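K.L.:
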Amino acid sequence: MAFGASAFVILANQFILASRPAFAVKALGVKGLLSFHATMPIAAVALAFAHKVLKVGIVENRLPIEDPGAALSRPVSEALKEGLGFVDGTFQTMFGSFALIVTIALAVVAVAFMANTVFMRIKPLVRLKSWVYSKIGLQYRFFRAIHNALALAGLALIAHVLFAASGLEAGLPIGMAWSLAWMAFALALYARYKIRTKKQAKAA
Numbered sequence: 005m006a007f008g009a010s011a012f013v014i015l016a017n018q019f020i021l022a023s024r025p026a027f028a029v030k031a032l033g034v035k036g037l038l039s040f041h042a043t044m045p046i047a048a049v050a051l052a053f054a055h056k057v058l059k060v061g062i063v064e065n066r067l068p069i070e071d072p073g074a075a076l077s078r079p080v081s082e083a084l085k086e087g088l089g090f091v092d093g094t095f096q097t098m099f100g101s102f103a104l105i106v107t108i109a110l111a112v113v114a115v116a117f118m119a120n121t122v123f124m125r126i127k128p129l130v131r132l133k134s135w136v137y138s139k140i141g142l143q144y145r146f147f148r149a150i151h152n153a154l155a156l157a158g159l160a161l162i163a164h165v166l167f168a169a170s171g172l173e174a175g176l177p178i179g180m181a182w183s184l185a186w187m188a189f190a191l192a193l194y195a196r197y198k199i200r201t202k203k204q205a206k207a208a
C-alpha cells in the first residue's frame, strides 16, 4: 500500500508540475521544472510496479482468497513471486492496471520523442527521434496531444483507490479521502492550465 500510495502521489504531482505553478518555476526554472517532470514518471512506474507485484505476485498466487493475510509472513522472495494473497483481474484492479500501462506507454513516448533529458545521450534514441520527426513527419505537437491522455490514468487511479477494499479495511478512510482530493485538485489545476494556454494561443 505504501508503494501504491507513493506512486499515486507522484503521478498526481505530475499534473501539478505540468500546470507550471509559479512557485515551482521560480524554484527550478522552466528548464529544471520540465526536466524534473520528465524523470519522475520513472519513479512512479517503479513504485506502481512494486505495488502490483507485492499484491498479486509475478505469477498467479496460490493462496485462498478468503485469507490474504496469511501471506504477510512470507519471505520477500516468495512475496515477489506469488504476491501477498490478493488477486488480479478484478473490477478494482483493472483500473490500476490500466493506469500503470498508460503511464508506462506515455513515459516511453515522452522520453523518446518529447523530453530533452539525460536519455538523449543515448545515440540510438536520438537517431530514432530524428527519423520519426523528419521521415514520418510527426512533430512535438502530435506527441504532446498523446501525452495529454495521462489524464485518463489519473481518473483511473481515482477509481482504483475509491474501490480499494484494503484501504477501508485497514481503517484508512481519511487517507483515501485525502488521496482522492489531492488527485482531483491536481487534475483541476492541469485542466485550468490547458484551458488558459488554449485561450492565450487563440488570442495570439
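In the numbering used here, the protein residues as written are 5 to 208. Built from N, CA and C at the ideal position, the CB exists for glycine as well. Being a predicted model, the structure only gives us computed values, none of them experimental.
(1) Would you mind giving the Cβ-Cβ distance between Thr107 and Leu21, rounded to the nearest angstrom? I have them listed as a contact below 8 Å.
(2) Do you know whose CA, among Tyr144, Phe95 and Val165, lies nearest Trp182's CA?
(3) DSSP state of Asn120, grouped into three classes?
(4) Hey, would you say Phe19 sits closer than 8 Å to Ala190, going by beta carbons?
(5) Are the segment 139-151 and the segment 185-204 touching, with three or more C-beta to C-beta distances below 8 Å?
(6) Assign Tyr215 to one of two classes, buried (16 or more other C-beta atoms within 10 Å of its C-beta) or exposed (fewer than that).
(7) So, is Leu154 buried or exposed, given that buried needs 16 or more other C-beta atoms within 10 angstroms?
(8) Sort Leu193, Ala168 and Phe12 by Cα distance to Thr94 and report the nearest one.
(9) When burial is assigned at 16 or more other CB atoms within 10 Å of the CB, is Pro45 buried or exposed?
(10) Apart from the five residues on each side of it in sequence, which residues of its chain come closer than 6 Å, Cβ to Cβ, to Tyr194?
(11) Confirm, please, whether the CB-CB distance from Leu161 to Met187 is below 8 Å.
(12) Since Leu110 contacts His151 with CB under 8 Å, what's their CB separation in whole angstroms?
(13) Compare the C-beta of Leu129 against all C-beta atoms of chain B and say whether one is closer than 8 Å.
(14) Assuming Phe40 and Leu32 make a contact with CB atoms under 8 Å, what is their CB distance in whole Å?
(15) Please state the DSSP three-state secondary structure of Gln18.
(16) Is the CB-CB distance between Val49 and Leu37 below 8 Å?
(17) So for Gln96, helix, strand or coil by DSSP?
(18) Tell whether a beta-carbon distance below 8 Å holds between Met121 and Val115.
(19) Since Met187 is in the alpha helix (DSSP H), which residue starts that stretch and which ends it?
(20) Expressed to the nearest angstrom, what Euclidean distance is found between the alpha-carbon atoms of Phe27 and Thr97?
(21) DSSP on Phe7, reduced to helix/strand/coil?
(22) Alpha helix (DSSP H) containing Arg131: first to last residue?
P.N.:
In short, the structure shows the following:
(1) Rounded, the Cβ-Cβ distance is 15 Å, inconsistent with contact.
(2) Val165
(3) coil
(4) yes
(5) no
(6) Because the chain spans 5 through 208 in this model, residue 215 falls outside it and cannot be assessed.
(7) buried
(8) Ala168
(9) buried
(10) Phe19, Ala22 and Ser23
(11) yes
(12) 6 Å
(13) Annotation note: the requested chain B is absent from the structure, which comprises a single protein chain.
(14) 6 Å
(15) helix
(16) no
(17) helix
(18) The sequence given here has Thr at residue 121, not Met. Yes, Cβ-Cβ distance for Thr121 and Val115 is below 8 Å.
(19) Pro177 to Ala207
(20) 35 Å
(21) helix
(22) Lys127 to Trp135
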